[in-house]
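Next comes the structure, spelled out in structure tokens:
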């Protein structure tokens, strides 16, 4: 990966990570619920792992597609998928409602993975990587 591409990815990640509407609020809520700073720190790794897994899975699918079809076609597919994901979120924006938050680290990572896939995290990285 080129240094400029890596710097762009790090910058996008940092900008995304400081946004208070992102998953780190899940970690803060878990810490407040358990009345423990350690719970906040312990929740950050599964959140990052789930998010990273979603990005890695998307990049792997794009790489496999790149072996079968032309890079130009992959770009159009990615653009269409990103637009479709955004439109879907605008039309049907609902949050899951639950009855508490007693979740394990594996469940936090799973939630992070699913939300990252649903919100198109990997799709947003693909234009930079391509």
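Residue numbers (our numbering): 57 to 186. For every residue, glycine included, the Cβ atom is placed at its ideal position computed from N, Cα and C. Being a predicted model, the structure only gives us computed values, none of them experimental.
Please name the residue, chosen from the options, that lies closest to residue i on a Cα-to-Cα basis.
| i | options | result |
| --- | --- | --- |
| residue 159 | 85, 118, 129 | 85 |
| residue 179 | 148, 171, 134, 144 | 134 |
| residue 144 | 81, 108, 175 | 175 |
| residue 97 | 173, 161, 132 | 161 |
| residue 163 | 63, 70, 82, 72 | 82 |
Less than 8 Å between the CB atoms is what I'm expecting for residue i and residue j, so what's the real figure, rounded?
| i | j | result |
| --- | --- | --- |
| residue 61 | residue 185 | 7 Å |
| residue 177 | residue 105 | Residue 177 to residue 105, Cβ: 13 Å. No contact. |
Quick one: give me the first and last residue of the alpha helix (DSSP H) that residue i is part of.
| i | result |
| --- | --- |
| residue 134 | 127 to 147 |
| residue 159 | Careful: residue 159 lies outside any alpha helix (DSSP H) and carries neither H nor E. |
| residue 178 | 177 to 185 |
field: the region 130 to 142 / the region 101 to 111 touching (three or more Cβ pairs under 8 Å)
entry: no
- request: Please specify which runs of the alpha helix (DSSP H), each continuous and at least 4 residues long, are wholly inside the region 70 to 110, giving them in chain order.
  value: 80 to 90
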